[in-house]
Amino acid sequence: MKEKAIAKEKVCGRPRLRNLMPGITCPGCHYGIIIRLLCEVIDEMGIEDNIIGLAGVGCSYAWPMTFDIDFGSCPHGRAPAMATAIKRIHPESVVFTVQGDGDLGAIGLGCFMNALLRGEKLTTIFLNNAGYGMTGGQMAPTTLPGMRTTTTPYGRDPKTTGYPLHAAELVATMKSVAYSARCTVHTPANYQRAKRATKMAFKKQIDGIGYGFVEFLSACPSVWGLSPVESLQFIEEKMLAEFPLGEFKNVDSID
Amino acid sequence: MKEKAIAKEKVCGRPRLRNLMPGITCPGCHYGIIIRLLCEVIDEMGIEDNIIGLAGVGCSYAWPMTFDIDFGSCPHGRAPAMATAIKRIHPESVVFTVQGDGDLGAIGLGCFMNALLRGEKLTTIFLNNAGYGMTGGQMAPTTLPGMRTTTTPYGRDPKTTGYPLHAAELVATMKSVAYSARCTVHTPANYQRAKRATKMAFKKQIDGIGYGFVEFLSACPSVWGLSPVESLQFIEEKMLAEFPLGEFKNVDSID
Amino acid sequence: MAEKVFIDGNEAVARGAIQTGCKHFFGYPITPQSEIAEYMSRELPQIGGAFVQSECEGASIYMLYGGALAGAKVMTSTSSPGFSLMQEGISYISAAQAPCVIVNVMRMGPGIGTGGQQGQTDYRQVTKGGGHGAYRCIVLAPSSPQETFDLVQRAFYLADKYRIAAIVLTDFIIGRMAEPVELRTLEFGPLPEKEWALKGKGGKGGRCDHPAGAPRFPGDLSKGIITFYMHLLDKYQRIAESEVRYDTYLADDATLLVAAYGSSARMARSAVNMARAEGINAGLFRPITLWPFPEEPLRQAALAAGKVLVVEDSPGEFVEDVRFAVQGRVPVHLLGLWGRHNERGGGIIYPERILEEIEKLT
Amino acid sequence: MAEKVFIDGNEAVARGAIQTGCKHFFGYPITPQSEIAEYMSRELPQIGGAFVQSECEGASIYMLYGGALAGAKVMTSTSSPGFSLMQEGISYISAAQAPCVIVNVMRMGPGIGTGGQQGQTDYRQVTKGGGHGAYRCIVLAPSSPQETFDLVQRAFYLADKYRIAAIVLTDFIIGRMAEPVELRTLEFGPLPEKEWALKGKGGKGGRCDHPAGAPRFPGDLSKGIITFYMHLLDKYQRIAESEVRYDTYLADDATLLVAAYGSSARMARSAVNMARAEGINAGLFRPITLWPFPEEPLRQAALAAGKVLVVEDSPGEFVEDVRFAVQGRVPVHLLGLWGRHNERGGGIIYPERILEEIEKLT
Amino acid sequence: MDRGEIVIQEGLCRGCGLCAVFCARGCIVIPQDKVSFKGYPIPIFVEQERCNACGVCGWMCPEYAIEVYKYVER
Amino acid sequence: MDRGEIVIQEGLCRGCGLCAVFCARGCIVIPQDKVSFKGYPIPIFVEQERCNACGVCGWMCPEYAIEVYKYVER
Amino acid sequence: MGKEETRYFELMIAGIGGQGVLTIGRLLAEAGMKIYPNVLYFPVYGAAMRGGESECTVILSDEEIPSPAIHRPQAAIIMTEATFLAPIFKEFEGRVEPGGTIIIDSSIVQNKVQRDDVKTFYIPASGVAQELGSHQVANFILLGAYLEASKAVPLPVVEKTLGETMAGSRRKGLLPLNKKALRIGAELMANYKG
Amino acid sequence: MGKEETRYFELMIAGIGGQGVLTIGRLLAEAGMKIYPNVLYFPVYGAAMRGGESECTVILSDEEIPSPAIHRPQAAIIMTEATFLAPIFKEFEGRVEPGGTIIIDSSIVQNKVQRDDVKTFYIPASGVAQELGSHQVANFILLGAYLEASKAVPLPVVEKTLGETMAGSRRKGLLPLNKKALRIGAELMANYKG
Ligand SMILES: Cc1ncc(C[n+]2csc(CCOP(=O)(O)OP(=O)(O)O)c2C)c(N)n1
Ligand SMILES: Cc1ncc(C[n+]2csc(CCOP(=O)(O)OP(=O)(O)O)c2C)c(N)n1
Ligand code: SF4
Ligand code: SF4
Ligand code: SF4
Ligand code: SF4
Ligand code: SF4
Ligand code: SF4
Ligand SMILES: [Mg+2]
Ligand SMILES: [Mg+2]
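Residue numbers (the numbering used here), protein chains in the order written: chain A, 396 to 650; chain B, 396 to 650; chain C, 117 to 478; chain D, 117 to 478; chain E, 1065 to 1138; chain F, 1065 to 1138; chain G, 37 to 230; chain H, 37 to 230.
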C-alpha cells in the first residue's frame, strides 16, 4: 500500500478570506469561529467583490483588518447609520454590520432600531457574549440575571438593572425585517445551522426583501471568568435557557 | 319657580392643576384635551404633591409651564434618562415623561428602550400625531404610509422610509413593562377610557410593579392639513386602521 | 450669466450642493433649517440620489461619515443643538479624513435656546472643534444667499481636496433672508480619485477602514500617532496658507475697524455707511473663513486703523480670535448681544446701535 | 492626619466624590476610566445611593442633568469620545445652570483614537465648550491622585456655589498612576439651599424647569436672552476673579518658563530639576484651573522669564491659551506630541526630551 | 326649566369647532361668518333649553374656553 | 491506513482546548503541563489512526491554528 | 418715498402666524425683482406652527442692500395688537421713521398711533375681507393699500407675479379673490380720508 | 543602588497581559509604602482584555517624585520578547540606564542583552514556575530576584504585604505558592552566576 501515491487534500485551515495575521481575541473566544463562518459564507455565496462590512466597537473592532473584503469600522453603536448611507449610495452592494451586545444593544439600540424603522435592506451579525468584553467585563443589556460583572459586583439584579435584551425576538416584531434568528457556534452542528442562517440573512438583503439579522451567542471566557471548555457548558446550560435558539422570522415578502 | 334659589354648580372648566395661561397649540389640537385628562388624573389620584413631569421637545414643550406641578423640560428625546435619575434620587415620587412620536420614536428611541431594559419604574405619555408638529410637519416614525409631509412630499413610501412604529405593541414585548395601552381622546367615550388607562399606567409605577406606558393618538390639524373636524374623521378612518386601540399589556407582577 | 432666482439662504445651501454634484443628503429637522432637508426630499429622488431623514443629528453625522467613506459627495445640515450632537462623529470623520460638508444654521443660546431664533453663539463649538482629538474643520461663513450658494460649492471642493470636513456656518438671518441668486456653477479644478472609498473590493484587495488597520493613505492613523498628527498638522498648515478668505470694506483709510462675520457683518456694513455719512472713517473687516482664521490680514488692518470694534450676536466668542490676532497691540471693543433691540429671540443688533458704539469710540 | 491609602487617580475620583457627599453616579464604560464606574457600582449601593450604568455617554449626561435638577450631588465620568457625546447635554446643563461634576479621563486622538492610551488632546473640547451656546464650564486639571481627590471635592463645591458644570480633566497617566493619598475631607463653607430642585411640589406651587417658563432663579433663560447672558457673564466674571488656581515651581528666578498642565506637568517638573542640575534656571508654571485660565499670572511669569516652553501631549491646544496670555510679548515654543519616545499609544514625552528642548532654548 | 348653561370665553376660543361636534344635543353652532376679536370663528350657545349641563363640550374644548354650569336648587 | 492528519501551528495556538473537546474521535489531548513557547498549554495529536480528517477540529479552532489534511490516492 | 435720487423702499409687516404676513412680504419682493436690481426679503417667525409672532422686512433698492434688518423702517403694516410674548403694535408704532407710513388693520388693532410725525392709515382690512367672503385675504387688502400709498411696485406687476407664484399651487382657485383684495386695498387707500 | 545619600529605587516591568506584570509592580509599591515616604506605581496596558502589552513603573523614594514616567530606569524586568505591536525586549534593553540592572525571564526571552554597561540576569522564571506547579508564578520569582539584587524592600515586608492584599481575595489559597516563588527567585539571584 505504501507505494501508492498519496496526496494530501486540505480539508480545513485558515479560511481564504481571512487575512494572514494573528487574531487578538482571548483564548477560547468564539469570535474567531464566527469569523471563519462569515468568511465561508461570503466565499460560498460568491459576494466577496461587492460586500462591504462595518464593524462596531468592541472585541470585534479588529475584524475590518482580518477580512479580505472592504470593511470599515464605526463609532461605538453607529454601524447601522453608516451602513445605511453606504447601501443607499451603492445599492447594488451587500452591506452588513457586526456589532456586540453593548454596541448594538446599549449605545446603538436607537440607531439600530431606527434602521429597522426606515426599512433599510441590510444584514446584521449580532454578537451576544452577555457582557462588555473589550472594556473589561462590565454588564451589557444581555447579561444574565444574577451574573457577576465588574459593574454588577453583587450579581445583576433585575430590580435595579432590568432583564436581558432578547434581540432576535425583538427584531422579529419589526415589520421591515425579513429574517431573524438566534444561533450559536458552540458545537459543530450549531456551526452549520448558524451558517445556513447567516446565508439566509444575506439573501434577504440581496433579494431586496428586507433586513436580515443573526444573533450569535458567543463564549467570552474572560468576562465570564471560566475556562474555554467551561464556557461551552455555560452556553449550553445558562445562555440557552435565557436565549432560545431558532428562527424568529423568515418571510419572503413584506406586505 | 323663579323665586326658588338657583345656584350654579361648575361642572367643567379649566382643570384645577392647569395654570392660568393661554395654550400655544394650534386650533383643534388634541394636546389641550390630553393636558386636561392628565390634570384630572393627577388630581383624582391625589399625587400632585409628589409627582414630577418631564416633557420632551415638540409641541408639548410648553407643558411644564402649564401644569401646577413640578415639571421639567428635557433635551429632545432624552426625557427617559432624566426621569431615570430623578426617580432614582427621589424613589418615593411619581415620575413621568411626555414625549412626541419624533421625540420618543426617533431621536429618543434608544434612550427610551434602554430605560425599559434597565427596568425603570416610570410612566410615559406618548403623543402620536403621525408627524413632527413643532418643526413644521415632517415625517415621524409614526407617519402613515402614503401620507404627505414636508419631508415626504410624494407620500411616505415604505420602500425607502419603512413602516410606522407601533409603540404600544413594541413596549408590551419588553419584560419590565407592567402596562401598555393605546388610546385616543377623539370622542368623549374614548376620553374616559384613556383616563382609566392613564391611571393604570401611574398605578403600576406607584405599586412598584413596572413601567407604565400610554400612547395617545392625537389630532394634528396643522400637519395633516385638515380642519379640526376633518381630523376627527382622519383618526377614526386612518389612524385607527393602522394603530388599533387597546391594552397590550397589563400585569400585576413581573417574574 | 446664469439664471437668477429669488431664494433664501437655506434654499441656497440645498441648491448650491446639488449644483456642484451632491446627490446624497442626510438630515434631521430642526428650526431654522428644516427647509434644507425639505428641499432635498423633493429634489434628490428626481435626480437619482437619496434623501434620508435620519432619526437624530447623531445618526445624520454617522450617515454622513458612511457616505463619505463610500466615496460620494455628501452633506448634512442642522442647527446648534444638532451640531452639538455631531461632535463625536465629526471627530471620527476628522480621524478618517473623510471628505464631507456640514451646514450649521445657528440659533441663539445654550440648551433649547430661544426656539430657533437669531444668534451667533456657536462660534467656539464650530471653530475650536467641539469633539475630542484636536482636529480642525474648515469653516466658511457666508453673509448672503449668493455667497452661501457659492461657498457651499467651495466647501465641497475643499473637503475633497484636503480630505476634511468643511462646515458652512450660517444663521437664522442668512438662512431665511431671500435675495436674487445667480445659479452659477463654480469650477475649482480637478480632484484626486477616491481610491480609498469603500464600495466592494471588486477584484482588488479588501480595503480596510480602520485606524489601527492596514494603512490606506498618507496620514492614516494606523501609521502611528505622531505620523498621523504630523500629516494633519502639515495639511492644516497648507490650508492655513492657501485657503484664508476675508472681505474688507472701506478698510484702507479706516481709523476704526469694525470686525464682524456672517449676518452681523451685514448690519455692520450699514453702520459703516452711516458712520461715513457722518464723516467717521469706519471700515469693515469680515472673515469669510473662520478657520483658517485671517489672523495676519486682520492684524494688519487693525494696526492700521488703531482701534477695533467687534460686533457679534453672542456674549463674545469671535472676539477672542480677534484679540488673539491683535495681540493687545490696539484696543479691541466688543458689542455683543446686549446690543440687541430687545430681549426676545427676535432681538437684533441694528446698524443704529453699532453706529452708536462707533461714535462712542471716535 | 486622615488615613492614607495607596490608590490611583481613577479611584481618587470615586473616593473624592463619595467623601464629599456624592451618592449618585451615572456612567458608561470606556477605557481608561471604567474603574471609576466599577468602584461606584461596589460602593454606592452600600451607602444608600444609586449607581446607574447608562447605555451611552449621551444617556449619562442626561441622567446627570436630571440628577442635578433633582437637587442631588451627582457625577459622571468618561473619556474623550464619550465627552464628545455629552456636548449637547452639557449645553443644556449650562443653560439650566444645573450644578454637577463631569470627569474626563482623556485618551489620545480623534475618532477611536489609540485605544485608550495616553494623550492630552481634549483641551479645546473641554475648555472652549464643545456644545452650542457660548457657555463656560469650570475645568480643573489635577496632576496627582491626591490632587485629584482634593479637586473632585472642590469641583462639587464650585458646581453648587456657582450653579455650573465643573469638569475634572485627567488622563491615562493621572488616572492610572497610584500614589499615597490622604483621605481628607475638605471644608469649603456653606452652600445655598436648592429651592429650585424638582422633587414634587409638596404643597407649594409647581416648579417649572423650562427655559421659556416661569422664572425660577436669577439668570433663568425665561427672563430673556440678554438678561440671561448678562447673568452668565457676571457669574463667569466672578469665577474668573475668585477661582483661578495655578502652581509654580522655581519660577521666581527662571530665565525659561515651562508651561504644562496635568500629567505633562509632572514630566516637566522632572525636566526642570534636571535643567537646574545643569545650571539652567528653568521654572514651571502649571495651571490648575484651565478655565478660568490663569492668564494674568502666566503673563507676568512669562514676561519675567522672557521665554516660554509649552509642553503638552497634543498637537498644540493648550499652547493657544498660553499664546493668548503672552500676547506675542515673549517667544512661546511648543513641544507637542512629536516629543514622544515612540509612535505607539504608550508613547510618552519623557523629561529627557523636555530637557533637550530646554537646552536648545538656552 | 333650564338645567344649566355654558359660558364661552371668546378670548380663549380658537374656533376649532370641537364643542359643536361633541354636544350631542346640538346646543352649540359655529356660524363660519362670525369671527372673534382674535380672528377665529366663534361658537354660539344656541339652545340653552336642550343643554343638560353634561359637561362634554367643556371637556373636549382644547382651550378650556368653555365653562359648564348646572343649576341646582338650594 | 491513516486517513489523514492534522497540523497544529504552535505559534498560533492559544491553548483553549476546543479542538480536543470537539474531536469526536479523541485524537487530540492537551496535557496541561506542557506549555508552548508563547506560554499556552499545547494540544497534541495523539491518535492519527483514528482521525478521519473530518475537519471539525479545524473549523472550531478560533485561531485557525489547525490545518486538516485528508489523504487521497492518486 | 425714495431716498435721494435712487429708488429705495422699505416695508415691514407684522402680525401673527396664519394672517399671511409672509405671503404678501414675499410677493412684494418677488414683484420688486422685476424692477429693482437689489431686493431683499427677510422673514422672522417662531418655531411653533401657528399663531406665533410673524414679521418680515422687504427692501427694494437701486443700490446694494447691506443690512437685512431695519430698525426704523420707512413703512410698516401692522396686523395685530400683540402676541403672547411681544407687544407688536407698541413696538412698531415707535419704530417707523419720522415721515414714514403706518398701515393698520383697524378691524383687529383697536389702538391708535400716538405719534404725529408719521402718516397713519387705518384700513379695516379684516372686516372688508370678511365681506369679500374670506377673512384670509385681509393681507392682500393691506398690501394693495401699501402699493397705492408708496408706488413701490405697480399693481399689475404684483398681480402678474401673484399669478405666476400661484400657478402650480393647490390654492390657485383663490387667485381672483386675492387680486380683488389687492385692488380693493388700493382703492381704500386712494380714497382714504384720515 | 540608591541615588546619592537618599534612598531611591526605580523599576520597570514589561510583558504581556496575563503574566502578572501589574500584580508584582503594585505589590512592590504597596510594600514600599511601608518604608518610603514617596511611592509611585504607574501601569500601562492596552484596551483589549488579554494578551496585549503590559508594563509598569515603580518608584520608591525619600524625596518627592515628579515624573511617573521614567525613560531610563535603574532596573527592568523583561518578561516577553515582543507583542503584536511593540518590540519589548529591544526597547527595554536599550532604555535601562548605564550601570543599571536587567532581569530577564530566560524561559521566554531567547535574546541576549548586547550592552555591557548594565548588570544582566537571566532567570528561567517560567521554567522554574512550571516545576513549582504553575507557570503563573514566574512573576513572583522575578520579583524575588529583583528584591535580592536591589535590596529595595526586605523580602518579609513584601511577603507581609502580599498576605494583606490577598487576604480577602478568591485566590488566597495561592499565597503559600506565591511566597515560595518569591523566595526561590531571591535564591536564584543570590546564587546567580553569570
Ligand atoms: C462612545 C464610546 N463609548 C465607550 C467606548 C468604550 N467601549 C469600547 S468597546 C465597548 C463595549 C463593548 O461591548 P460589546 O459591544 O458587547 O462588545 P464586546 O467587547 O463584548 O465584543 C465600549 C463601551 C467607546 N469606544 N466609545
Ligand atoms: C437635538 C434636536 N434636534 C432637533 C430639534 C428640533 N425639534 C424640535 S421638536 C422636534 C420634533 C417634534 O416632533 P414630535 O416629537 O413628534 O412632537 P410634536 O411636535 O409632533 O408634538 C424637533 C425635531 C431639537 N429641538 N433638538
Ligand atoms: S473579552 Fe470576551 S469577547 Fe473579547 S476577545 Fe476576550 S473572550 Fe472574546
Ligand atoms: S402642530 Fe399639530 S401637534 Fe403641534 S400644536 Fe399644532 S396641531 Fe398640535
Ligand atoms: S354641557 Fe353638554 S348639552 Fe350642554 S352644551 Fe355642553 S355638551 Fe351640549
Ligand atoms: S372647542 Fe373650545 S376652542 Fe374649539 S370652538 Fe369650541 S370653545 Fe372654541
Ligand atoms: S482549538 Fe486551536 S487554539 Fe484552541 S487549543 Fe486547539 S489548536 Fe490551540
Ligand atoms: S480532523 Fe476530525 S477526527 Fe481528525 S483530529 Fe480533527 S476532529 Fe478529530
Ligand atoms: Mg459583548
Ligand atoms: Mg409628533
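Backbone N, C-alpha and C define an ideal beta-carbon position, used for all residues, glycine too.
Keep in mind that this is a model prediction, so the values were computed, not measured.
- Under DSSP, no beta-bridge partner is assigned to F:W1123.
- Relative to the Cα of D:T478, the nearest Cα in the group D:H449, D:G455, D:E154, D:P296 belongs to D:H449.
- Less than 8 Å separates the beta-carbon of A:A501 from that of D:C172.
- For D:V129 and H:V94, the gap between their C-alpha atoms comes out near 22 Å.
- For the region 579 to 606 of chain B, the set of positions with a beta-carbon nearer than 7 Å to some beta-carbon of chain E reads P583, Y586 in chain order.
- By alpha-carbon distance to C:R445, the top candidate from C:G463, C:L337, C:V424 is C:V424.
- Among the residues facing chain H, D:E295 is included, as its CB has a counterpart in that chain under 8 Å away.
- Cβ neighbours of H:L64 within its own chain (closer than 6 Å, five residues either side excluded): V94.
- The bridge partners DSSP lists for H:A50 are H:E91, H:I114.
- Under DSSP, the beta-bridge partners assigned to E:Y1133 are B:K405, E:E1069.
- Straight-line spacing of the CA atoms in A:E439 and A:P410 works out to 11 Å.
- Residues of the same chain with a CB within less than 7 Å of the CB of G:Y77, apart from the 5 flanking positions on each side, are G61, R62, A65, C92, V94 in chain order.
- DSSP places B:I601 in the helix class (H, G or I) of the three-state scheme.
- When the beta-carbon positions are compared, A:L517 and A:F491 come within less than 8 Å of each other.
- Distance from the CA atom of H:A165 to the CA atom of H:A174, rounded to whole angstroms, is 5 Å.
- Against chain B, the CB of A:G497 has no partner CB under 8 Å away; the residue lies outside that interface.
- For H:P79, the uninterrupted beta strand (DSSP E) segment begins and ends at 74 to 81.
- Against chain A, a Cβ distance below 8 Å from C:M179 picks out A476, M477, T479, A480.
- For D:F199, the closest Cβ of chain B is not nearer than 8 Å.
- Of the other Cβ atoms in all chains shown, 16 or more fall within 10 Å of the Cβ of H:F128; this residue is therefore buried.
- Taking 8 Å as the CB threshold, C:E459 lines the interface with chain D.
- A Cβ-Cβ contact shorter than 8 Å links H:L178 with H:I113.
- When C-alpha distances from E:G1103 are compared across G:Q110, G:S162, G:K215, the shortest belongs to G:S162.
- Here D:F304 is exposed, its C-beta having fewer than 16 other C-beta atoms within 10 Å.
- Scanning the region 434 to 509 of chain B for uninterrupted beta strand (DSSP E) segments of 3 residues or longer gives 446 to 450, 465 to 468, 489 to 495, listed from N- to C-terminal end.
- At a cut-off of 8 Å between C-beta atoms, C:P145 counts as an interface residue with respect to chain B.
- In the DSSP assignment, C:C324 forms a beta bridge with A:F466.
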